[in-house]
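>
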Amino acid sequence: MAVWRTIAIALVLFSAACASGGGVRGQAQPYDFAPWGQDDYQYRLAAGDALRLGFLVEDGLNADVVLGPDGQGVFPVIGPVPVGGLTVRDASQRLTEAYAGVLRNPQVQISVSTYGASQIYVGGEVKTPGVVQIRGEMNTAQAIFAAGGFAETAGTGKVVVLRRVADGRLASRTVDAKALLNTDPQQDFLLHPGDLIFVPRSAIAEVNLFVRQYLNGILPFNFGFSYDLNRFR
Numbered sequence: 270m271a272v273w274r275t276i277a278i279a280l281v282l283f284s285a286a287c288a289s290g291g292g293v294r295g296q297a298q299p300y301d302f303a304p305w306g307q308d309d310y311q312y313r314l315a316a317g318d319a320l321r322l323g324f325l326v327e328d329g330l331n332a333d334v335v336l337g338p339d340g341q342g343v344f345p346v347i348g349p350v351p352v353g354g355l356t357v358r359d360a361s362q363r364l365t366e367a368y369a370g371v372l373r374n375p376q377v378q379i380s381v382s383t384y385g386a387s388q389i390y391v392g393g394e395v396k397t398p399g400v401v402q403i404r405g406e407m408n409t410a411q412a413i414f415a416a417g418g419f420a421e422t423a424g425t426g427k428v429v430v431l432r433r434v435a436d437g438r439l440a441s442r443t444v445d446a447k448a449l450l451n452t453d454p455q456q457d458f459l460l461h462p463g464d465l466i467f468v469p470r471s472a473i474a475e476v477n478l479f480v481r482q483y484l485n486g487i488l489p490f491n492f493g494f495s496y497d498l499n500r501f502r
């Protein structure tokens, strides 16, 4: 449901952007995006996540643990511990407390080695918009390819990534997907579960849509737009 709430928010943002461009009285106010930061997001563990359990002292207990459907993992020596729904930091603290009953001064750290069923949503001008599963690391270009790749009408230079941050607001970042495909490091960052990617229409697609819906549907004759529109490419 969280994914669909995000989609609804994105549609509201798109409507607001359209309204703000027309200069109409009573136009919607622009959304107050939060500052973008890669470290603001705090992932919460979920079923199917593979955790790497590490001890600073008792390294013989280091192990890989997969969370079950109930959010519990079976950990060495102490057995099942529920950590689903916790952040990595909080889960590490819970396990440190659990191991304190069998070890002297345990210092436990966990990390997510593989995400189980984490999802993002890719919408707009892609061939198969919808939910994309994240398994391992994924950047914006990889997510778009997982959604079938760009549609012919896609504008690749200003792909929008929306992300919910710690204070509950949305952060927004624009990605030049074409530069990313050319290995531009400034465009490359890892997606987080729950991110929404929106691929807008290209300028030429917008012009073609206007011609098809308005001019050709109203005027009794057809202009030779095919030649003139090439200059927008």
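In the numbering used here, the protein residues as written are 270 to 502. Cβ atoms here follow ideal geometry from the backbone N, Cα and C, with glycine treated the same way. Predicted model, so just to flag it, every value in this text is computed and none were measured.
1) Roughly how many angstroms lie between the CA atoms of G342 and R470, to the nearest whole one?
2) Determine the direct distance from the alpha carbon of H461 to that of D318, and round the result to whole angstroms.
3) In angstroms with no decimal places, state the Cα-to-Cα distance between L280 and V468.
4) Looking at the unbroken beta strand (DSSP E) that takes in F414, where does it start and where does it end?
5) To the nearest angstrom, report how far apart K396 and F419 are at their CA atoms.
6) Label A412 either buried or exposed according to how many other C-beta atoms from any shown protein chain fall within 10 Å of its C-beta, with 16 as the threshold for buried.
7) Could you check whether the stretch 315-329 touches the stretch 340-356, counting it as contact only if at least three pairs of C-beta atoms, one from each stretch, sit closer than 8 Å?
8) With DSSP as the reference, please indicate the residues paired to P351 in a beta bridge.
9) In whole angstroms, what separates the C-alpha of S387 from that of Q362?
10) With 16 as the cutoff for other CB atoms within 10 Å, does G463 come out buried or exposed?
Based on what the coordinates show:
1) 45 Å
2) 14 Å
3) Note that L280 scores a pLDDT of 45, beneath 50, so its modelled location is shaky; the value from the coordinates is reported in the next line. So the alpha carbons of these two residues sit roughly 13 Å apart.
4) That residue, F414, is in no beta strand (DSSP E); its alpha helix (DSSP H) goes 409-415.
5) 6 Å
6) buried
7) yes
8) Q341
9) 23 Å
10) buried
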